[in-house]
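Enquirer: One structure, as structure tokens, below. Some questions next.
Residue numbers (full-length UniProt numbering): 1 to 352.
Shown next, in the form of structure tokens:
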């Protein structure tokens, strides 16, 4: 009897479970059908409604209906955004100058800077090298100088200028230099340095060039120093009488120096009033320490033939130079002896 009761209860429980399962299956099918209908109709404004309380699906996660009814394109957009963020590259170093080749000119014996401006260096190292044909010689690495020439040094100027300084530039410094950044691949800025050697010439008051000048005592010495090929004058023009600097000499008096800096050239005039024998000597025009030209000045108390040059630049000369006269006399005597020998008179003159 009791066994029959257990069997009846079991059948009832089984029927309830079967009803519940059929109910859950019904709701799942309803949800699938609603979703397919929602996608097929193309409508984006219709959303699924959550079942009423007490339904079998109350046990589903709370965000189930939101995730189920959300558009399927949400996930791909998020994935694409994540991919974009992970492929971002750090800034790559680059030169601030728009050109990869620069030409720099400077005059002889001046100081010159070679500029290398690098943006977004990102911990990379800047080096300066000297190129001679296929050979490269290291000059600086970072802020350290490795050249044996003490005229070379590195000066960094904020925010990004790695300047190579060359002091007292000479003709051997002319040529290509490379500024390199240790990136991959390396960045290279080529700088070609040109050394301009000025041309110096000393002229007299008439504009004539001569290695020597003669003046009378009491006259005014006037010399002109013309310097051409000066792109950027970096020093003053000075005059010296022997070792004595004349530009600021006030001990003698009567000395005047006037200098004009013109485009690409310079003109300096030296005036010495009331010249005397102490003013005789070498006069040198100097631009810096290496660009020089010298003229010899003689101050004479009286006129001396073939050696005296007046203040107006004229020179007293003999009407016939002595060497020319000697050659003429020798030629004349040779012709005379030949004539006497041909006429038989040489014997009577004792010329044999």
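C-beta: ideal position from N, C-alpha, C; glycine also.
What does a CB cutoff of less than 6 angstroms around residue 153 pick up in its chain, not counting 5 residues either side in sequence?
Expert: Same-chain partners within the cutoff: 145, 165.
Enquirer: What are the residues that DSSP puts in a beta bridge with residue 167?
Expert: For residue 167, which the question treats as bridged, DSSP gives no partner whatsoever.
Enquirer: Might you give, ordered along the chain, the residues of its own chain that have their beta carbon closer than 7 angstroms to the beta carbon of residue 143, omitting 5 neighbours on each side?
Expert: Around residue 143: 154, 156.
Enquirer: Between the Cα of residue 208 and the Cα atoms of 216, 226, 169, 220, which residue gives the shortest distance?
Expert: Cα-wise, what sits closest to residue 208 is 226.
Enquirer: Between which two residues does the beta strand (DSSP E) holding residue 140 run?
Expert: Its beta strand (DSSP E) spans residues 135 to 141.
Enquirer: Buried or exposed: residue 136, going by 16 or more other Cβ atoms within 10 Å of its Cβ?
Expert: Answer is exposed; the Cβ neighbour count stays below 16.
Enquirer: Of the choices 247, 294, 293, 206, whose alpha-carbon is the least far from that of residue 272?
Expert: It is 247 whose Cα lies nearest to the Cα of residue 272.
Enquirer: Would you check if the distance between the CB atom of residue 359 and the CB atom of residue 284 is smaller than 7 angstroms?
Expert: Lying before the first or after the last residue shown, residue 359 is absent from the chain, which here runs from 1 to 352.
Enquirer: Can you tell me whether residue 29 is helix, strand or coil according to DSSP?
Expert: Looking at residue 29 - three-state DSSP - the assignment turns out to be helix.
Enquirer: Where does residue 97 sit, in a helix, a strand or coil, going by DSSP?
Expert: If DSSP states are grouped into helix, strand and coil, residue 97 belongs with coil.
Enquirer: Just grab the DSSP bridge partners of residue 295 for me.
Expert: In DSSP, residue 295 forms a bridge with 283.
Enquirer: Three or more beta-carbon pairs under 8 angstroms between the stretch 118 to 128 and the stretch 93 to 103, yes or no?
Expert: Touching, yes, given that three or more Cβ pairs across the two stretches are closer than 8 angstroms.
Enquirer: Given a cut-off of 7 angstroms, decide if residue 171 and residue 196 are closer than it, judged by their beta-carbon atoms.
Expert: Cβ atoms of residue 196 and residue 171: not closer than 7 angstroms.
Enquirer: Can residue 254 and residue 282 be called in contact, C-beta distance under 7 angstroms?
Expert: No, the pair does not count as a contact, with Cβ atoms beyond the cut-off.
Enquirer: Would you please verify whether the beta carbon of residue 136 is less than 7 angstroms from any beta carbon of chain D?
Expert: Within the model displayed, chain D is absent; a lone protein chain is all it includes.
Enquirer: Rounded to whole angstroms, what is the Cα-Cα separation between residue 239 and residue 295?
Expert: Approximately 11 angstroms, taken between the alpha carbons.
Enquirer: Taking only three categories from DSSP, how would you classify residue 149?
Expert: DSSP places residue 149 in coil when its eight states are reduced to three.
Enquirer: May I ask you to list the residues that DSSP assigns as paired with residue 240?
Expert: Answer is 245, 284.
Enquirer: Exposed or buried, which one is residue 186 when buried takes at least 16 other CB atoms within 10 Å?
Expert: With fewer than 16 other Cβ atoms within 10 Å, it is exposed.
Enquirer: How about residue 357 and residue 216: are their beta carbons less than 7 angstroms apart?
Expert: The question about residue 357 has no answer here: the residues shown for the chain are numbered 1 through 352.
Enquirer: Can you grab the Cα-Cα spacing for the pair residue 264 / residue 237, in whole Å?
Expert: Rounded to the nearest angstrom, the two C-alpha atoms are 14 angstroms apart.
Enquirer: Go through the stretch 180 to 237 residue by residue and report every complete run of the beta strand (DSSP E) that reaches 3 residues or more, in order.
Expert: If we require 3 residues or more, the beta strand (DSSP E) runs fully inside the stretch 180 to 237 come out as 187 to 196, 199 to 203, 212 to 216, 221 to 228.
Enquirer: Who are the Cβ neighbours of residue 258 in its own chain at under 6 angstroms, not counting the five residues just before and after it?
Expert: Cβ within range, chain order: 269.
Enquirer: Would a C-beta distance cut-off of 7 angstroms place residue 293 and residue 109 closer than the cut-off?
Expert: Not in contact: residue 293 and residue 109 (Cβ atoms no closer than 7 angstroms).
Enquirer: Pull up the DSSP beta-bridge partners for residue 276, would you.
Expert: Per DSSP, none; premise fails for residue 276.
Enquirer: Please determine, among 277, 288, 179, the residue with the shortest C-alpha to C-alpha distance to residue 302.
Expert: The shortest C-alpha separation from residue 302 is found at 277.
Enquirer: Reducing DSSP to helix, strand and coil, say where residue 269 ends up.
Expert: In this structure, residue 269 counts as strand in the three-state DSSP scheme.
Enquirer: So the candidates are 228, 182, 200, 176; which of them puts its Cα closest to the Cα of residue 104?
Expert: The shortest C-alpha separation from residue 104 is found at 176.
Enquirer: Where residue 307 and residue 199 are concerned, what is the direct C-alpha to C-alpha distance, given to the nearest angstrom?
Expert: Unreliable placement is indicated for residue 307, whose pLDDT of 47 sits below 50; no coordinate value is reported for it.
Enquirer: Taking residue 193 as the reference, give the member of 29, 288, 111 with the closest Cα.
Expert: That would be 111, whose Cα lies nearest to the Cα of residue 193.
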